[in-house]
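K.L.:
Listed below in structure tokens is the structure:
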């Protein structure tokens, strides 16, 4: 089977689950992963015969795609903020909005004295480790701690830290039931913020394959994490310290109101013009 034939055949097979453009993108990603050809090379060598072993691997990957499983989990990795991160079923696949959160955070931290050197940063909700590791790459002299309830997620984050040779402190704890100690210059978080009543709006491919504890609020209060972060910010975020949060787009004003004790707290929109972030200076 040639590369062209493979792509045409399996785009048709995926048509029930994905749009034509999505299918083309996914098949191209798989060919790049197995054969090593980028999109230009796939067009240039479209009539090249696939090796039998490669063809079998590609067919197996497409079979997994047909179950609705995210391609990032199938490949075991994803690109995020210019870095490769290992992902699995124990962690949320990082979204573009979180790249926007980090862009805001990096920009504001760079404005600080010494370009963020020597800062103490707390990340709440480690997941795969994308937030603390991107920050560590940009601010190598910062002391970064990251908390997560899931031991499996922390194992994935540790593998990513080792992969990138970055040193961060990973803490296994139930954030809602711990007492923080010390003070931080920066607190950043993308906690679970989807309300139980919103579950019906979430795609099956997300609910079926990504960890629900990373998506949904553990109680009927979708702001429970933000209330705790606000309490901790009062006592454990230094004066003039920075806060960066990704939030539920439907609860922007309510979330912002929790941080009315900050000298400056702003509700910011994402690139889709949804209320998505809170940036604050205490």
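Numbering (my numbering), first residue to last: 38 to 319. Yeah, the Cβ is synthetic: ideal placement off N, Cα and C, and Gly gets one too. This structure is a prediction, so every number in the text was calculated from the model and none was measured.
(1) Please classify residue 285 as buried or exposed, where buried requires at least 16 neighbouring CB atoms within 10 angstroms.
(2) If I follow the unbroken alpha helix (DSSP H) through residue 8, where does it start and stop?
(3) Which term fits residue 210, buried or exposed, when burial requires 16 or more other beta carbons within 10 angstroms of its beta carbon?
(4) Between which two residues does the alpha helix (DSSP H) harbouring residue 170 extend?
(5) Which residues bound the beta strand (DSSP E) around residue 318?
(6) If you drop the 5 nearest sequence neighbours on each side, which residues of the same chain put their C-beta closer than 7 Å to that of residue 283?
(7) Please state whether the Cβ-Cβ distance between residue 147 and residue 130 is less than 7 Å.
(8) Just reading off the alpha helix (DSSP H) that residue 79 is part of, what are its end residues?
(9) Tell me whether residue 262 sits in a helix, a strand or coil according to DSSP, three-state version.
(10) Check the C-beta distance from residue 114 over to residue 128 and give it rounded, since I have them as a contact under 8 Å.
(11) Spell out a yes or no on whether the stretch 264-282 and the stretch 234-247 are touching, meaning 3 or more CB-CB pairs, one atom from each, closer than 8 Å.
(12) For a quick check, are the C-beta atoms of residue 289 and residue 304 less than 7 Å apart?
(13) Looking at the strands, I want to know which residues DSSP matches up with residue 284.
(14) Taking the straight line between their C-alpha atoms, what separation do you get for residue 197 and residue 122?
(15) If you draw a straight line from the alpha carbon of residue 76 to that of residue 69, how long is it in whole angstroms?
(16) Assuming residue 279 contacts residue 223 under a Cβ cut-off of 8 Å, what Cβ separation, rounded to an integer in Å, is found between them?
(17) Tell me, please, which residues DSSP counts as bridged to residue 221.
(18) Does DSSP put residue 194 in a helix, in a strand, or in coil?
(19) Can you look up residue 47 in the DSSP assignment and give me helix, strand or coil?
(20) Going straight from the alpha carbon of residue 97 to that of residue 40, what length do you get?
(21) Does the Cβ of residue 158 have 16 or more other Cβ atoms within 10 Å, making it buried, or fewer, making it exposed?
(22) Start and end of the beta strand (DSSP E) containing residue 206?
(23) If we ignore side chains and look at the alpha-carbon of each, how far apart do residue 84 and residue 47 end up?
(24) Just to confirm my understanding: we take residue 143, look at its own chain, exclude 5 residues before and 5 after, and list those with CB closer than 6 Å. What are they?
(25) Less than 7 Å between C-beta atoms, sequence neighbours within five positions excluded: which residues of the same chain meet that for residue 178?
P.N.:
In short:
(1) Against the chain shown, residue 285 aligns to sequence position 248. Burial call: buried.
(2) There is no way to answer for residue 8, as the model of the chain reaches only from 38 to 319.
(3) The count along the chain shown starts at 1 and reaches residue 210 at position 173. Classification of residue 210: exposed, given that the 10 Å Cβ count is below 16.
(4) Taking the first residue of the chain shown as position 1, residue 170 is located at position 133. That run of the alpha helix (DSSP H) goes 167-175.
(5) Locating residue 318 in the chain shown gives position 281, where the first residue counts as 1. Per DSSP, residue 318 belongs to the beta strand (DSSP E) from 312-318.
(6) Numbered from its first residue, the chain shown carries residue 283 at position 246. For residue 283, where only same-chain residues beyond five positions count, the Cβ hits under 7 Å are 134, 135, 138, 227, 313 and 314.
(7) Translated into the one-based positions of the chain shown, residue 147 becomes position 110. Translated into the one-based positions of the chain shown, residue 130 becomes position 93. Not in contact: residue 147 and residue 130 (Cβ atoms no closer than 7 Å).
(8) To locate residue 79, count along the chain shown from 1; it is residue 42. 76-81 is the extent of the alpha helix (DSSP H) around residue 79.
(9) Numbered from 1 along the chain shown, position 225 holds the residue referred to as residue 262. The answer is helix: DSSP assigns residue 262 an H, G or I state.
(10) The residue given as residue 114 occupies position 77 in the chain shown. The residue given as residue 128 occupies position 91 in the chain shown. Contact flag wrong, Cβ pair sits at about 12 Å.
(11) The answer is no - the stretch 234-247 does not touch the stretch 264-282, with fewer than three Cβ pairs under 8 Å.
(12) What you label residue 289 is simply residue 252 of the chain shown in a count that begins at 1. What you label residue 304 is simply residue 267 of the chain shown in a count that begins at 1. The answer is yes: Cβ separation under 7 Å.
(13) Walking along the chain shown from the start, residue 284 turns up at place 247. DSSP, once it has assigned bridges, lists no residue as partnering residue 284.
(14) Numbered from its first residue, the chain shown carries residue 197 at position 160. Numbered from its first residue, the chain shown carries residue 122 at position 85. Just so you know, the alpha carbons of residue 197 and residue 122 end up roughly 6 Å apart.
(15) Here residue 76 is taken as the residue at index 39 of the chain shown, counted from 1. Here residue 69 is taken as the residue at index 32 of the chain shown, counted from 1. Whole-angstrom Cα-Cα distance: 8 Å.
(16) One-based indexing of the chain shown puts residue 279 at position 242. One-based indexing of the chain shown puts residue 223 at position 186. 5 Å between Cβ atoms; contact.
(17) Numbered from 1 along the chain shown, position 184 holds the residue referred to as residue 221. According to DSSP, residue pairing for residue 221 in a beta bridge involves 274.
(18) On the chain shown, position 157 is the one that residue 194 refers to. Residue 194: helix per DSSP, three-state reduction.
(19) Start at 1 with the first residue of the chain shown, and residue 47 comes out as number 10. Looking at residue 47 - three-state DSSP - the assignment turns out to be helix.
(20) Within the chain shown, numbered from 1, the residue matching residue 97 stands at position 60. Within the chain shown, numbered from 1, the residue matching residue 40 stands at position 3. Using only the alpha carbons, I get a separation of about 15 Å.
(21) Stepping through the chain shown from its first residue, residue 158 is reached at position 121. By the 10 Å Cβ count, residue 158 comes out buried.
(22) Here the question's residue 206 lines up with position 169 in the chain shown. Its beta strand (DSSP E) spans residues 206-209.
(23) Position 47 of the chain shown, counted from the first residue, corresponds to residue 84. Position 10 of the chain shown, counted from the first residue, corresponds to residue 47. Distance between the alpha carbons of residue 84 and residue 47: 16 Å.
(24) Along the chain shown, read from residue 1 onward, the residue named residue 143 stands at position 106. Excluding sequence neighbours, residue 143 sits near 175.
(25) Along the chain shown, one-based indexing puts residue 178 at 141. So the list reads 154 and 155, once near-sequence residues are dropped.
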